[in-house]
Amino acid sequence: ASSSIIEMVTAPSLGSGVMTSVEESPAVSQGEASLRQQEESGVIFDGTGERVEAVGERSAVEVQAKLREPIPAAKLATRAGPGGSRVTYVEAADVFERANDIFGYNGWGCKIQSVAVDHCEKDDKGYWHIDVTAMVRVWTLGGVDMGHEDIGCHSAKGKDRGETLGNAKKAAVTDAKKRSLRLFGDALGNMCYSKDKVMAATKGTVAGTS
29 ASSSIIEMVT
39 APSLGSGVMT
49 SVEESPAVSQ
59 GEASLRQQEE
69 SGVIFDGTGE
79 RVEAVGERSA
89 VEVQAKLREP
99 IPAAKLATRA
109 GPGGSRVTYV
119 EAADVFERAN
129 DIFGYNGWGC
139 KIQSVAVDHC
149 EKDDKGYWHI
159 DVTAMVRVWT
169 LGGVDMGHED
179 IGCHSAKGKD
189 RGETLGNAKK
199 AAVTDAKKRS
209 LRLFGDALGN
219 MCYSKDKVMA
229 ATKGTVAGTS
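So the sequence shown is numbered by our numbering: it starts at 29 and just counts up by one.
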């Protein structure tokens, strides 16, 4: 059965909300069918026909051990949080690079489940204020059903509506992808939610603290 992604845009200055729906074709191309067969067998071939390692060929124990590894202190940073607190985080690029190291560059994937514009308004100085929420699902070659999904949010401000909206959407999707990956384990960011683990990894010092 086909599925659809629905986006609701609510903008006081643009009139009532506009809902759009994009139908995804249920057809499966020959290339997609081939990739599915490769995923099911745990063997992947690159564009030249060379066989490359996939996560299905690796020991589950090995992968789990890598996911439990702490994030190096040099990769951790902090930013201001609610109530004057400090929030420890990892840059998205570092999370994606680590996912490639653990699962293999061809061993994981993601899909944008939805993107919603929560707020879109132009102020009296000509700046657009746009808030976007996105949901992304991430999985490994174990299958889509074995993955995780989470939401990401971003607020953007700018003079050009199109550019500001685009930046907000991209940042929200990146945030959702990063939050989904952290559900796989400490090495992909989950340890940032444990003060004890952060303190143990940094011995009380976090890079980028300001």
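The C-beta atom is built at its ideal place from N, Cα and C for all residues, glycine as well. Please read these numbers as outputs of a predicted model, since none were measured by experiment.
Item                                                                                                                                             : Value
Return the bridge partner residues of Thr116 from the DSSP annotation.                                                                           : Thr106
What residues match up with Ile179 in a beta bridge as DSSP calls it?                                                                            : Met163
Between Asp224 and Asn218, what straight-line distance do the alpha-carbon atoms span, to the nearest angstrom?                                  : 12 Å
Can you tell me which of the three DSSP states Asp74 falls into?                                                                                 : A caution first: Asp74 carries a pLDDT of 42, below 50, which makes its placement in the model unreliable, though a value can still be read off. Looking at Asp74 - three-state DSSP - the assignment turns out to be coil, as it is neither helix nor strand.
Pick out whichever of Val164, Val143 and Gly132 has its Cα sitting closest to the Cα of Leu193.                                                  : Val143
With respect to the beta strand (DSSP E) encompassing Ser142, which residues constitute its N-terminal and C-terminal limits?                    : Trp136 to Lys150
Can you tell me whether Ala127 is buried or exposed? The criterion is at least 16 other CB atoms within 10 Å of its CB, across all chains shown. : buried
Per DSSP, which residues does Gly186 bridge with? Please list them.                                                                              : Trp156
Confirm, please, whether the CB-CB distance from Cys148 to Ile140 is below 8 Å.                                                                  : no
For Ala121, count neighbouring Cβ atoms within 10 angstroms of its own Cβ and tell me buried if that reaches 16, exposed if not.                 : exposed
In angstroms, rounded to a whole number, what distance separates the CA positions of Trp136 and Asp152?                                          : 45 Å
Just to confirm, are Tyr155 and Lys187 a CB contact at a threshold of 8 Å?                                                                       : yes
Roughly how many angstroms lie between the CA atoms of Arg114 and Ala108, to the nearest whole one?                                              : 5 Å
Per DSSP, Thr168 forms a beta bridge with which residues?                                                                                        : Trp136
Which word fits Asp178, buried or exposed, when buried means at least 16 other C-beta atoms lie within 10 angstroms of its C-beta?               : buried
Please name the residue, chosen from Lys103, Val164 and Val160, that lies closest to Ser208 on a Cα-to-Cα basis.                                 : Val164
Compute the Euclidean distance between the alpha carbons of Ser69 and Phe124, then round it to the nearest angstrom.                             : Note that Ser69 scores 49 on pLDDT, short of 50, meaning its location in the model is unreliable; the coordinates nonetheless yield the value given after this. Distance between the alpha carbons of Ser69 and Phe124: 25 Å.
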